[in-house]
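Step one of this worksheet: look at the structure below.
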Amino acid sequence: MRLGFNKKIILIVIVSLLLTMKCFAQSAGEYFIQGRNLYKQGNYSQALESYSKAIAINPNMVKAYYHRGLSYSHLKQYDNAWADVHHAQALGFQYPSHDLEDLKKASGRDK
16 MRLGFNKKII LIVIVSLLLT MKCFAQSAGE YFIQGRNLYK QGNYSQALES YSKAIAINPN
76 MVKAYYHRGL SYSHLKQYDN AWADVHHAQA LGFQYPSHDL EDLKKASGRD K
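Be aware that the sequence shown starts at 16, since it is given in my numbering, and climbs by one per residue.
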């Protein structure tokens with residue numbers, strides 16, 4: 016099958032755009048690392064956004080739930096922090112006891 020010149024150009028443009036989009040797309044791991052860096056800088060809201068993007072790409076990324084929960088806790092969004100604790104635990108994550116104790120004290124609840 017022979018493609019006309021215009022169809023070849025359109026095909027080249029489409030393939031080029033797809034390759035460019037793939038180059039700029041971040042992976043779950045990259046969003047996670049970005050979130051860790053933002054968290055370490057004290058930018059908890061931005062870290063939360065990066066962790067959420069990592070989770071959207073990979074819903075089984077347990078560490079992203081853990082770190083997002085820590086970010087929620089720093090922002091005093093305790094219901095969301097507990098939701099991430101429970102989700103991480105449901106995926107098999109052993110939440111560090113010191114972090115659970117800190118969340119219990121800060122939120123005034125056990126679960």
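Ideal Cβ positions, reconstructed from N, Cα and C, are used throughout, including at glycine.
### Query
Are Tyr110 and His89 closer than 8 Å when you measure CB to CB?
no
### Query
To the nearest whole angstrom, what separates the beta carbons of Gly50 and Ala69, a pair I think is in contact under 8 Å?
7 Å
### Query
In three-state terms, what does DSSP make of Gln49?
helix
#### Entry: The alpha helix (DSSP H) enclosing Leu90, as first and last residue numbers
That residue, Leu90, is in no alpha helix (DSSP H); it is neither H nor E in DSSP.
### Task
Would you identify the three-state DSSP class for Tyr66, choosing helix, strand or coil?
helix
### Ala71 burial status per 10 Å Cβ neighbour count (16 or more: buried)
exposed
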